[in-house]
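Just so we're aligned: 115 in full-length UniProt numbering is position 115 of the sequence shown, and the numbers increase by one with no gaps anywhere.
Every residue gets a Cβ at the ideal spot worked out from N, C-alpha and C, and that includes glycine.
Just below is one structure, and these are the notes that go with it.
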Amino acid sequence: MTTVFTTLKPYLKQAVAQNSATGLPVMRPLFLHYEDDARTYTLKYQYLLGQDLLVAPVHEQGKSDWTLYLPEDSWINVWTGETYQGGEITVDAPIGKPPVFYRAKSEWASLFATLRNI
Numbered sequence: 001m002t003t004v005f006t007t008l009k010p011y012l013k014q015a016v017a018q019n020s021a022t023g024l025p026v027m028r029p030l031f032l033h034y035e036d037d038a039r040t041y042t043l044k045y046q047y048l049l050g051q052d053l054l055v056a057p058v059h060e061q062g063k064s065d066w067t068l069y070l071p072e073d074s075w076i077n078v079w080t081g082e083t084y085q086g087g088e089i090t091v092d093a094p095i096g097k098p099p100v101f102y103r104a105k106s107e108w109a110s111l112f113a114t115l116r117n118i
C-alpha cells in the first residue's frame with residue numbers, strides 16, 4: 001500500500017492544500033459533491049478521497065467481493081480499468097485491492113490509471 005500512497009502523492013498534496021485554503025476535508029462524504037443524490041446521504045462507509053477518488057472499504061470478514069453504490073457519473077475501477085456509469089454494483093475485492101474508483105473526467109485520471117500496474 002505504500003506504493004499506492006507514493007503514487008497518489010501529487011493528488012493528495014493538492015487535496016490537503018484545498019483543505020488548508022477552503023476547509024473542505026480530504027476525506028469527504030459523497031453527498032458533499034453529489035448533494036442531489038439522496039442515496040449518498042445514507043452511505044455509512046463509502047467516502048471520497050478528494051473530489052475524484054471513491055473508496056468503498058470492505059468491512060466484513062471473509063468477503064472477496066463487495067456491493068457498493070456509485071453516484072451518477074462515469075467511474076473507472078482503479079484495479080481493473082472497467083468503467084461504470086453509477087448505481088449499485090458488485091466488484092471483486094481481494095485483500096490489498098479494496099473497491100476504489102476514480103471519476104473518468106478527473107484531471108488526475110492519467111495518474112490514477114497508473115495504479116493498475118501496481
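As assigned by DSSP and simplified to three states, the class of residue i
i	result
L30	helix
L24	coil
L53	strand
V16	helix
V4	helix
Y69	strand
T42	coil
T80	coil
Exposed unless 16 or more other CB atoms sit within 10 angstroms - verdict on residue i
i	result
G50	buried
F5	exposed
P99	buried
A15	buried
Y102	buried
residue 121	The displayed coordinates of the chain run from 1 to 118. Any statement about residue 121 would go beyond what the structure contains.
Contact under 8 Å by Cβ, residue i with residue j
i	j	result
T83	A109	no
T114	T3	no
A64	P25	The amino acid at residue 64 is misidentified as Ala; the sequence shows Ser. No, the pair does not count as a contact, with Cβ atoms beyond the cut-off.
R116	G86	no
L43	Y11	no
Item to check | Contact the segment 46 to 55 vs the segment 86 to 93: 3+ CB pairs below 8 Å | outcome: no
Checklist entry - Can at least three beta-carbon pairs, one atom from the segment 8 to 27 and one from the segment 66 to 78, be found at a separation below 8 Å? => result No, they do not touch.
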